Structures are given as C-alpha cells and as structure tokens.
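Student: In the working numbering, the protein residues as written are 113 to 644.
Where is the CB? At the ideal position from N, CA and C, for every residue including glycine.
Just so we're clear, the structure is a prediction, and the values are computed from it rather than from any experiment.
Sharing a structure below in structure tokens format, with a few things to ask.
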C-alpha cells in the first residue's frame with residue numbers, strides 16, 4: 113500500500129481529534145463529577161441511576177416530610193392528652209375532697225365550681241389543632257370538636273337545629289336518687305305561716321331511686337305542636353324483630369309535681385310510666401317500665417341497640433358538636449337565609465360506621481395512624497356528671513337555707529307553744545330532707561370519683577396508644593435513615609467518578625495530546641517538494 117503524506121496527515125488529524133474527544137470527555141467528567149452526561153454514554157449506568165434516584169426520592173419523601181409531619185401530629189396529641197390527664201386527676205382530687213361529709217353546702221359549692229372550670233378546660237383541650245387541622249375530629253379536621261362560641265349570635269331563630277340519634281344499649285341506663293321534700297319548696301322564715309305549708313310533716317319526705325336513660329345533651333326541644341311529635345324523644349329498638357315500644361310523656365322540669373316525684377309515685381303504685389325531661393335531657397323510667405325494658409332486651413339479646421332520637425336547637429360555647437359522635441341531621445341557614453339540611457354519619461344506623469383513622473405513608477407499604485378520635489377521650493359523660501352534681505348541690509343549698517331559716521324561727525319561739533310545735537314539725541321535715549339530699553350528694557361525689565377514674569383510664573389507654581405509635585414511628589424513621597444512606601451510597605457508586613483515576617487519565621490524555629501535536633507538526637513540515 114502506498115503511503116502518502118496526505119494519508120499521514122489525515123491519520124494524524126483523526127487521531128488528534130479522537131484524543132481531543134477523550135480529553136473533552138474526561139474534562140466533562142471532572143467538572144460534573146458524574147460518569148455519564150447522557151443515557152447513550154452508558155445505558156446500564158443510566159437505567160440503574162433512574163432506579164436508584166427513584167428509591168432515594170421516595171425515601172427522602174418518607175424520611176424528611178411524611179415522618180416529621182406524622183411525628184408533629186403525634187406530639188401535639190400527646191401534649192393534649194397529658195393536659196387531659198392532669199385535669200382529670202385534679203377533678204378526682206376535688207371529688208375526694210368533696211366526699212367529706214363534714215363539708216357544708218357552701219364549701220361544696222366552691223369545690224363543684226372548681227370542677228366546672230376543670231370540665232371546661234377538659235373540653236377546650238379537645239379543640240387543639242396542628243397546622244390548622246383539629247387533631248381529635250377524625251376526617252373533619254376543619255371543624256372544632258366543640259362549639260367555640262354561642263352560635264345563636266351568628267344564626268338566629270333557633271338555628272342550627274340538630275336532629276340526633278343516639279345508639280345505646282341497656283347498659284347505658286343508670287339510677288339516680290331523688291328526694292321528695294314533701295311541699296317544702298320555697299319555705300323560709302318570711303312565709304312559714306302561709307296556709308299552703310300547714311300540713312307539712314316529716315312523714316311526707318321520702319327518698320327513692322329512679323331508673324334513668326341520660327342523653328348526651330340537655331336543653332332539648334319538647335312538646336311538639338304538630339303530629340308526628342318530631343320534637344319529642346323517640347325510643348325504639350334497632351332490631352326489626354322488636355315488638356315492644358316505649359313512648360315517653362314530655363314533662364317540664366318545672367312542673368308540679370316534678371317529673372321525679374311523678375316517677376316515685378308511679379313506683380309506689382306499681383304503674384308503667386316513662387317521662388322525658390327536655391330541660392335536663394333525661395328519660396325517666398318507673399320500676400315497671402324498666403322491668404318491661406329488661407324483658408324486651410332479654411328476648412332480643414343484651415347487646416340489642418336502642419335508638420333514641422331527639423332535637424336540639426340551643427347551643428352554647430363548649431357544647432360538643434354532635435356530628436363527631438352521632439348520626440344526625442343539621443339544619444342551618446344558607447347565604448340566602450333559607451333552611452339547608454346536612455346529614456352526618458347515616459351509616460352508623462346501619463352498623464357500617466368505620467373508625468375515622470388518619471394514616472400517614474411513612475415507608476414502603478407502611479402506614480401509621482396519627483390521630484386519636486374524640487370518642488376515645490372526650491365523651492359527654494364528664495359534662496353530664498358535673499351537671500348532675502350541680503343540680504343536686506342546688507337542691508342541697510335550697511333545703512339548707514330552709515332549714516337554717518326555720519332554725520332561726522325556732523330560736524325566737526317559746527318551747528311548748530303551738531307555734532313552736534308547728535315550726536318544729538316543719539323543721540324536722542326540712543332536716544330529714546336535708547339529710548337525704550346531703551347523703552345523695554355524698555354518694556354522687558363518690559360515684560364521680562369512680563366515673564372520672566374511668567375517663568382517666570380511657571385517657572391513659574389513648575396516651576399509651578399514642579406513645580406506641582410514636583415509638584413505632586421512631587423505629588421506622590431510623591430504618592428509613594439507614595435505607596436512605598445505603599441507597600445514596602449505591603447511587604454515588606453508580607454515578608460518581610473516581611476523581612483520582614479520572615485525573616490521572618486526564619493528565620495522561622493531555623500529555624498524549626501535546627506529544628501528538630509535536631509529532632504531527634514535524635511530519636507536516638516535510639514533503640516530497642523539500643527534496644526536489
């Protein structure tokens with residue numbers, strides 16, 4: 113093969129260009145610190161890089177975003193639950209203090225006042241939020257747990273109206289003690305001579321227990337003017353096989369005789385009677401009516417659901433929103449001032465209710481629940497227990513004032529006179545009523561200790577569950593950190609260059625390039641013409 117100068121020149125330029133391309137490639141690798149700049153440089157590295165980068169991105173999302181967000185939610189919940197624990201512990205301490213029989217009505221009034229303040233704090237804690245999301249309200253994170261103001265200021269004319277259906281069993285029944293004070297109402301030192309108090313005697317004062325189904329709210333609507341009685345309480349078994357029905361007479365708490373006295377009278381006469389008191393949210397059963405309820409439950413099963421439906425349209429600050437607890441219908445006014453009805457939790461009535469758990473993705477196929485729902489901690493029982501205490505204490509203060517007034521009158525009369533004997537008879541009746549009611553207050557305080565201890569136990573369970581989730585999240589976070597580090601190392605090994613190795617190759621290429629330039633320069637200086 114004949115080798116000409118032109119061929120030598122072309123070959124030299126071709127080799128110099130290849131050397132320059134290699135030098136450019138090594139220079140690019142040094143500047144980018146990466147093995148490839150485009151997939152075509154090395155398809156194997158490119159495919160592996162895509163997979164590893166996807167893994168690192170997912171782990172970064174889990175470790176740097178989802179896990180911290182979940183941890184913050186759990187920490188906020190933990191703080192609220194710890195506050196609740198302290199509040200309940202203090203209520204138990206006050207109830208223990210109030211259970212001392214030596215305390216008078218004024219001392220008890222102070223104690224119950226403190227308990228009311230703690231109760232308000234208890235429910236206020238349920239409105240705690242994380243980044244604008246309320247942590248105890250399930251999926252309704254944009255709605256507070258309780259009403260934060262008297263909403264009648266915003267919605268007039270009795271709106272919003274809630275038609276609520278509570279799902280209960282016979283275990284929800286309790287008994288309350290009631291004292292029939294035998295006509296002593298309103299008696300004081302100024303009117304003790306009125307003729308309406310002439311026939312008062314100690315034997316008229318009596319005390320007895322009443323079966324009660326206590327609803328979650330007071331201040332309810334009653335005495336509907338149009339059939340059907342949608343404003344009255346409706347009691348029915350959810351089981352379609354139930355044949356027995358229970359209808360309650362709506363009686364105002366201010367009626368004379370009182371609803372409680374009517375039930376005691378029904379017990380004495382062994383008659384079937386059920387009374388609904390809208391002001392207090394209580395459904396009272398006589399002994400015979402409750403026996404009929406027990407028999408119906410025996411036929412249907414002890415877990416038979418009892419549905420109680422009623423209407424409430426008066427709401428105050430601190431009242432728990434029923435949509436977080438019950439199947440209900442809310443009627444409000446829309447922007448045009450027309451009634452608008454919203455239905456909540458209809459599936460509860462069909463037994464299809466599902467716990468509203470908020471879960472975070474914190475790993476591959478790993479989810480963790482971050483929320484605690486209101487029904488686990490903030491039940492209506494605390495509010496209703498304090499209401500019962502407040503009502504009983506008001507009765508105690510009233511009869512105590514009557515007893516004190518009659519005692520003052522007695523001290524101003526001569527013993528043995530007819531007037532003294534009449535006042536003494538009334539005083540003995542008042543003292544008997546006072547002893548009954550004082551004993552009832554004592555028993556209620558003791559029961560309050562047990563009930564609040566139950567609420568505290570439920571709260572401690574919620575604290576434990578929340579802590580368990582936090583511990584699990586910590587373990588997952590630690591594993592995510594290790595996995596992220598591992599994949600970042602693999603990503604670096606796949607994509608990043610060995611700087612020392614590339615630097616040596618680059619220097620070698622530069623030396624080769626310079627040598628080639630020198631050799632080519634000498635070759636191109638000489639041609640056949642130089643020898644002619």
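(1) Could you check where the beta strand (DSSP E) with residue 257 kicks off and where it finishes?
(2) Provide the residue span of the alpha helix (DSSP H) that contains residue 554, from first to last.
(3) Specify whether the stretch 342-356 and the stretch 399-413 touch according to this definition: at least 3 beta carbon pairs, one from each stretch, less than 8 Å apart.
(4) Please report how far the alpha carbon of residue 627 lies from the alpha carbon of residue 142, in whole angstroms.
(5) Using the three-state DSSP reduction, which class does residue 395 fall into: helix, strand or coil?
(6) Using the C-alpha atoms, what's the distance from residue 134 back to residue 616?
(7) Is the distance from the Cβ of residue 228 to the Cβ of residue 521 below 8 Å?
(8) Select from 577, 563, 289 the residue whose C-alpha is nearest the C-alpha of residue 204.
(9) Hey, out of 148, 494, 116, 128, whose CA is closest to residue 614's CA?
(10) Residue range of the beta strand (DSSP E) that residue 253 falls in?
(11) Which value, in whole angstroms, describes the spacing of the CA atoms of residue 195 and residue 404?
(12) Opposite residue 246 in the DSSP bridges: which residues?
(13) Considering residue 621, what are the terminal residues of the alpha helix (DSSP H) in which it resides?
(14) Note down the Cα distance separating residue 233 from residue 259, rounded to an integer number of angstroms.
(15) Return helix, strand or coil for residue 335, following the three-state DSSP convention.
(16) Decide if residue 501 is buried, meaning its Cβ has at least 16 other Cβ atoms within 10 Å, or exposed.
(17) Evaluate residue 371 with the Cβ neighbour count: other Cβ atoms within 10 Å of its Cβ, from every protein chain shown; 16 or more gives buried, anything less gives exposed.
(18) Can you tell me whether residue 292 is helix, strand or coil according to DSSP?
(19) Which of helix, strand or coil does DSSP assign to residue 168?
(20) What is the DSSP secondary structure of residue 358, counted as helix, strand or coil?
(21) Reducing DSSP to helix, strand and coil, say where residue 341 ends up.
(22) How far does the beta strand (DSSP E) with residue 474 in it reach, from first residue to last?
Tutor: For this structure:
(1) For the purposes of this step, residue 257 is identified with residue 145 of the chain shown, where counting begins at 1. DSSP places residue 257 outside any beta strand (DSSP E), giving it a letter other than H or E.
(2) Position 442 of the chain shown, counting from 1, holds the residue named residue 554. Counting along the chain, the alpha helix (DSSP H) containing residue 554 begins and ends at 530-607.
(3) Short answer: they touch.
(4) Position 515 of the chain shown, counted from the first residue, corresponds to residue 627. Position 30 of the chain shown, counted from the first residue, corresponds to residue 142. Whole-angstrom Cα-Cα distance: 22 Å.
(5) Locating residue 395 in the chain shown gives position 283, where the first residue counts as 1. Three-state result, residue 395: strand.
(6) Position 504 of the chain shown, counted from the start, is the residue given in the question as residue 616. Position 22 of the chain shown, counted from the start, is the residue given in the question as residue 134. Each residue's Cα considered, the two are about 13 Å apart.
(7) Residue numbering aside, residue 228 sits at position 116 when the chain shown is read from its first letter. Residue numbering aside, residue 521 sits at position 409 when the chain shown is read from its first letter. Against a cut-off of 8 Å, the Cβ pair of residue 521 and residue 228 comes out as no contact.
(8) Here residue 204 corresponds to residue number 92 of the chain shown, with the count starting at 1. Closest option to residue 204, Cα to Cα, is 563.
(9) The residue labelled residue 614 in the question sits at position 502 within the chain shown. Taking only the C-alpha atoms, the option nearest residue 614 is 148.
(10) Indexing the chain shown from 1 puts residue 253 at position 141. Where residue 253 is concerned, there is no enclosing beta strand (DSSP E), given that its DSSP letter is neither H nor E.
(11) In the chain shown, the residue the question calls residue 195 occupies position 83. In the chain shown, the residue the question calls residue 404 occupies position 292. Between residue 195 and residue 404, the C-alpha separation is close to 44 Å.
(12) Numbered from 1 along the chain shown, position 134 holds the residue referred to as residue 246. Paired residues: 241.
(13) Residue numbering aside, residue 621 sits at position 509 when the chain shown is read from its first letter. Its alpha helix (DSSP H) spans residues 611-637.
(14) Sequence index remark: in the chain shown, residue 233 carries index 121 (1-based). Sequence index remark: in the chain shown, residue 259 carries index 147 (1-based). So the alpha carbons of these two residues sit roughly 13 Å apart.
(15) Within the chain shown, residue 335 is the residue found at index 223, counting from 1. Note that residue 335 scores 49 on pLDDT, short of 50, meaning its location in the model is unreliable; the coordinates nonetheless yield the value given after this. Coil.
(16) One-based indexing of the chain shown puts residue 501 at position 389. Per the 10 Å Cβ criterion, buried.
(17) For the purposes of this step, residue 371 is taken as residue 259 along the chain shown, with counting starting at 1. With 16 or more neighbouring CB atoms inside 10 Å of its own CB, residue 371 falls in the buried class.
(18) Translated into the one-based positions of the chain shown, residue 292 becomes position 180. In the structure shown, residue 292 sits in a strand (DSSP, three-state: E or B).
(19) The residue labelled residue 168 in the question sits at position 56 within the chain shown. It is helical.
(20) For this step, residue 358 is matched to residue 246 along the chain shown. If DSSP states are grouped into helix, strand and coil, residue 358 belongs with the strands.
(21) The count along the chain shown starts at 1 and reaches residue 341 at position 229. Because the pLDDT at residue 341 is just 48, under 50, the model does not fix this residue reliably, and the value given afterwards should be weighed accordingly. Note: residue 341 maps to coil in three-state DSSP.
(22) For the purposes of this step, residue 474 is identified with residue 362 of the chain shown, where counting begins at 1. That run of the beta strand (DSSP E) goes 471-475.
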